[in-house]
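One point on numbering: in the numbering used here, the residue at position 6 of the sequence shown is 8, and numbering is uninterrupted. Every residue, glycine too, gets a C-beta built ideally from N, C-alpha and C.
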Amino acid sequence: MANSRANGVQRNKLLRYQAAVETYLTHKTDDIPFAVVWRKYVYPKHFISKGTLYTALSTPITKQLKEIDNQMTLDFD
3 MANSRANGVQ
13 RNKLLRYQAA
23 VETYLTHKTD
33 DIPFAVVWRK
43 YVYPKHFISK
53 GTLYTALSTP
63 ITKQLKEIDN
73 QMTLDFD
């Protein structure tokens, strides 16, 4: 039970990261600095710091989500 709860917490964090990264990539162009995209688009919607956005951008989100989904399906079998 505790393991599935930890997986659920990690999964929710990754889904929040994924939403923030999608917002960032939607508005990011070569001529707009990182801080401006964060200040105008990411922070008002997701309320995360610049450091957290850096972490989200460097996280292999889809890979980790697949691993968690595989673990969760194994727990139910």
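Proximity of Tyr-26 and Val-39 at Cβ, strictly below 8 Å
Within the sequence shown, numbered from 1, the residue matching residue 26 stands at position 24. Within the sequence shown, numbered from 1, the residue matching residue 39 stands at position 37. Yes.
Tell me which residue opens and which closes the alpha helix (DSSP H) that Val-39 is part of.
Reading the sequence shown from its first residue, position 37 is the one you call residue 39. 36-39 is the extent of the alpha helix (DSSP H) around Val-39.
Whether Ile-63 touches Val-23 by CB criterion (8 Å):
For the purposes of this step, residue 63 is taken as residue 61 along the sequence shown, with counting starting at 1. For the purposes of this step, residue 23 is taken as residue 21 along the sequence shown, with counting starting at 1. Yes, the Cβ-Cβ distance between Ile-63 and Val-23 is below 8 Å.
Between which residues of its own chain and Lys-52 is the CB-CB distance below 6 Å, once the five residues before and five after are set aside?
Here residue 52 is taken as the residue at index 50 of the sequence shown, counted from 1. Sequence-distant Cβ neighbours of Lys-52 in its own chain, meaning closer than 6 Å and more than five residues away, are Trp-40.
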